[in-house]
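*Asks:* Provided herewith is a single structure, encoded as structure tokens, for subsequent inquiry.
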Amino acid sequence: MSKAIKFRVYLAALIICIIGFMFSPVSSQFYTNPFYIGSFIFTIALIVNVINYFCPNCKKNQVMQSATNYRLPKNKCYHCGEEIN
12 MSKAIKFRVY LAALIICIIG FMFSPVSSQF YTNPFYIGSF IFTIALIVNV
62 INYFCPNCKK NQVMQSATNY RLPKNKCYHC GEEIN
């Protein structure tokens, strides 16, 4: 599976966990809710992917352009056009 597809799968799973948590009943033990735990796991996985998703040729990050500018990654580099596995 390519990095771009894996990133989108993690993002979709995080969105599903967040929506599932919003529809789950409120309780005092919300931290045992599988949607709550899944949200943390997929958030950590996404942060690691964002940090490590760079072009091997030009070494530029493909997700974060600046602190306020993000984009979904693709199979080709945005800067030099090289294929990213």
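Residue numbers (our numbering): 12 to 96. The C-beta atom is built at its ideal place from N, Cα and C for all residues, glycine as well.
1. Terminal residues of the continuous alpha helix (DSSP H) containing proline 45?
2. Answer with buried or exposed for valine 74, where buried requires no fewer than 16 other C-beta atoms within 10 angstroms of its C-beta.
3. Just to confirm, is the Cβ distance from cysteine 28 to phenylalanine 46 under 8 Å?
4. Counting only the same chain and skipping the five closest in sequence on each side, list residues whose C-beta sits under 7 Å from that of phenylalanine 53.
5. Compare the C-alpha of alanine 56 against each of Ile95, Phe18, Met12 and name the closest.
6. Quick one: using the 10 Å Cβ neighbour count with 16 as the cut-off for buried, is serine 9 buried or exposed?
7. Mind checking proline 36: buried by the 16 CB within 10 Å criterion, or exposed?
8. Does DSSP put methionine 12 in a helix, in a strand, or in coil?
*Replies:* Put simply:
1. Unbroken alpha helix (DSSP H) run through proline 45: 45-63.
2. Residue environment: valine 74 is assigned as buried (16 or more neighbouring CB atoms within 10 Å of its CB, all protein chains considered).
3. Their beta carbons are under 8 Å apart, which means cysteine 28 touches phenylalanine 46 by this criterion.
4. Closer than 7 Å at Cβ, skipping near neighbours: Tyr21, Ala24, Leu25, Cys28.
5. Out of Ile95, Phe18, Met12, Phe18 has the C-alpha closest to the C-alpha of alanine 56.
6. What the structure shows of the chain is the stretch from 12 to 96, and residue 9 is not part of that stretch, so it cannot be assessed.
7. Answer is exposed; the Cβ neighbour count stays below 16.
8. In the three-state reduction of the DSSP assignment, methionine 12 falls in the coil class.
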